[in-house]
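*Asks:* Read in order, the letters of the sequence shown correspond to residues 1 to 114 in the UniProt record's numbering.
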Amino acid sequence: MSDPLSATFAALADPTRRAILARLARGEASVGELAAPFTISQPAVSKHLKVLEQAGLVTRGRAAQSRPCKLNAARLREVSDWLETYRRFWEESFDRLDAYLAELQKGDPDAPKN
1 MSDPLSATFA ALADPTRRAI LARLARGEAS VGELAAPFTI SQPAVSKHLK VLEQAGLVTR
61 GRAAQSRPCK LNAARLREVS DWLETYRRFW EESFDRLDAY LAELQKGDPD APKN
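Written as structure tokens, this is what we have:
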């Protein structure tokens with residue numbers, strides 16, 4: 001995918017990959033450490049890591065024989081920034097709805113008060 005945001009959302013669509021990211025949020029980990037809580041093989045975890053790496057969510061280092069994985073939170077910031085626009089939209093919509101309902105209650109003396 002040439003669009004980084006689409007690649008990020010595609011990578012985040014899988015619950016195993018989201019769990020891997022949650023684990024990496026606590027610090028670096030090896031493939032074996034990441035595979036431990038799952039009932040899938042280490043090669044399957046490696047495939048998930050490859051998707052996360054291609055989306056820019058994970059980086060893999062090299063320390064002797066080990067290739068520790070590390071979260072790249074900057075890519076998640078891009079998702080958060082994109083979503084922020086929509087969060088503001090919904091907050092403003094709910095604020096307008098609250099104001100409208102308050103106006104309706106003013107006109108109806110039998111309406112329940114908050």
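Yeah, the Cβ is synthetic: ideal placement off N, Cα and C, and Gly gets one too.
I need the DSSP call for Thr39, collapsed to helix, strand or coil.
*Replies:* Three-state DSSP puts Thr39 in coil, outside helix and strand.
*Asks:* Quick one, which of Gly107, Asp98, Pro15 has its alpha-carbon nearest Leu52's?
*Replies:* Nearest option by C-alpha distance: Pro15.
*Asks:* Looking at C-alpha atoms only, which residue of Ala19, Ser30, Gly107, Arg23 is the closest neighbour of Gln65?
*Replies:* For Gln65, the nearest C-alpha among the options comes from Ser30.
*Asks:* For the alpha helix (DSSP H) containing Arg96, name the first residue and the last one.
*Replies:* Run containing Arg96: 73-107, per the alpha helix (DSSP H) assignment.
*Asks:* Output the boundary residues of the alpha helix (DSSP H) element that contains Arg18.
*Replies:* Where Arg18 is concerned, the enclosing alpha helix (DSSP H) stretches over 15-24.
*Asks:* Residues in the same chain with beta-carbon distance under 8 Å from Ser46, minus the five sequence neighbours each way, listed in chain order, please.
*Replies:* Excluding residues within five positions, the ones whose Cβ falls inside 8 Å are Val31.
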